[in-house]
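In this note's numbering, the protein residues as written are 15 to 309. Note that beta-carbon positions come from the ideal geometry of N, C-alpha and C, so glycine has one too. Let me begin by presenting the structure, written as structure tokens, before commenting on it.
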Amino acid sequence: MTGGQTAAALVTGANKGIGLEIVRQLSEKFSGTVYLTARDEHRGQEAAKYLQHDGRKNVQFLRMDVTDKKSIETARDFIKKSHGGLDVLINNAGIFVKTEGSMQDMMQRPPTPEALADTIATNFTGLLDVCKVMFPILRPHARVVNVSSSLGTLARMKSPELTHKLTAETLTVDELEKILADYVKSGLDEKSGYPVGGFGPYAMSKIGVTALTRVLQRDLAEDQSRPDMVINACCPGYVATDLNNNMGHLTVKQGADTPVYLATLKDGDIPRGQFVKQRKVLNWVESEGDLKATM
15 MTGGQTAAAL VTGANKGIGL EIVRQLSEKF SGTVYLTARD EHRGQEAAKY LQHDGRKNVQ
75 FLRMDVTDKK SIETARDFIK KSHGGLDVLI NNAGIFVKTE GSMQDMMQRP PTPEALADTI
135 ATNFTGLLDV CKVMFPILRP HARVVNVSSS LGTLARMKSP ELTHKLTAET LTVDELEKIL
195 ADYVKSGLDE KSGYPVGGFG PYAMSKIGVT ALTRVLQRDL AEDQSRPDMV INACCPGYVA
255 TDLNNNMGHL TVKQGADTPV YLATLKDGDI PRGQFVKQRK VLNWVESEGD LKATM
């Protein structure tokens, strides 16, 4: 940073749950401004005030809706003008479209086309748009964390061909976008090879997030201007939040630990482009995801 510039971190979907706790913990370890973002301005302002009253004076609210590219660009312009760049980006925003009945019922019930499309639009496309807009202002030593899920492991894919495409060392962002777009069109067909059942859209969106993380880190390795920039994906664990009707067995404090750990990694022998859970690198390709992973 040049003279007069101050450090900045940004957390998406942070007005409640894991996102709010990520902001809380990050504000204690980060020597700069931590921007709590949310699409609902009132809820976001209230969440920021709550943390400020709790002593987190470096927390500020910044409105941003990951499904609205213009709002992402507005947030970027504000960060660039106020700080000159961004040091930490945590992509936490995500949805799970719930239906009536128990979690077990939801697992078995096929998703609606609308639920499928909305989930991909928020969890994958929204995250990708944030990366596309924010990456140009990330500083050389920036840390990026994409909150994914153990439900989004490739063990849930039913097609060896799709698995091969998603793990190819030559996979590009454009190719990944096409795979997710195809899922939106044909994902309800059980013969398509994509994850099935009520959790299918959530699982596929997180498969996309982790695959994207690997591709982006590979591309970063070729960027000589920012050799120390690091991006990882993580699973916070099965945390009790609104997304799973508070059925998780972990607290939000426990769930926020790994994202904050990855956001504050020091230089050295650290994970890069990996899938991390409980501060440990997991084999994303072979790991079995289950309901007790995360929501």
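What's the gap between the Cα of residue i and the Cα of residue j?
i    : j    : result
V210 : D68  : 43 Å
G33  : A52  : 10 Å
L40  : K205 : 43 Å
L165 : V73  : 31 Å
K84  : V299 : 35 Å
F92  : D203 : 43 Å
L168 : G222 : 10 Å
Q59  : I193 : 37 Å
T81  : H56  : 18 Å
A135 : S239 : 31 Å
T20  : K146 : 22 Å
M78  : E35  : 18 Å
T26  : G46  : 17 Å
R38  : Q66  : 10 Å
A129 : R90  : 29 Å
H97  : I109 : 30 Å
L264 : K30  : 15 Å
V266 : G282 : 28 Å
N137 : N106 : 9 Å
Assign residue i to one of three DSSP states: helix, strand, or coil.
i    : result
K52  : Here residue 52 is Ala; the residue named in the question, Lys, does not match the sequence. Of the three classes helix, strand and coil, the one that applies to A52 here is strand, per DSSP.
R77  : strand
R293 : coil
T308 : Residue confidence for T308 is low, a pLDDT of 48 falling below 50, so the modelled location carries little weight and cannot support an answer.
N72  : coil
R286 : coil
D271 : helix
T278 : coil
A89  : helix
L185 : coil
Excluding the 5 residues flanking residue i on each side, which residues of the same chain have their C-beta closer than 7 Å to its C-beta?
i    : result
T272 : C248, P250, V290, K291, Q292 and R293
T227 : N160, I245, N246, A247 and G287
Starting from the C-beta of residue i, find all residues in its chain whose C-beta is less than 6 Å away, skip the five residues before and the five after it, and write them out in chain order.
i    : result
L103 : L24, M148 and V158
G269 : I32, P250, G251 and V253
S200 : S206
N297 : none
Skipping 5 residues on each side, what residues in its chain have a beta carbon closer than 8 Å to that of residue i?
i    : result
K179 : L185, E189 and I193
Taking the alpha helix (DSSP H) that residue i falls in, what are its first and last residues?
i    : result
R153 : It is not in any alpha helix (DSSP H) - R153 instead sits in the beta strand (DSSP E) that spans L152 to V161.
V223 : G214 to A235
S41  : G31 to K43
R128 : The residue you asked about is not Arg; residue 128 is Glu in the sequence shown. Counting along the chain, the alpha helix (DSSP H) containing E128 begins and ends at P127 to I134.
L141 : L141 to M148
I need the boundaries of the beta strand (DSSP E) containing residue i, first residue and last residue.
i    : result
D101 : L100 to N105
N247 : A small correction: the amino acid at residue 247 is Ala; Asn does not occupy that position in the sequence shown. Unbroken beta strand (DSSP E) run through A247: V244 to C249.
L24  : A22 to V25
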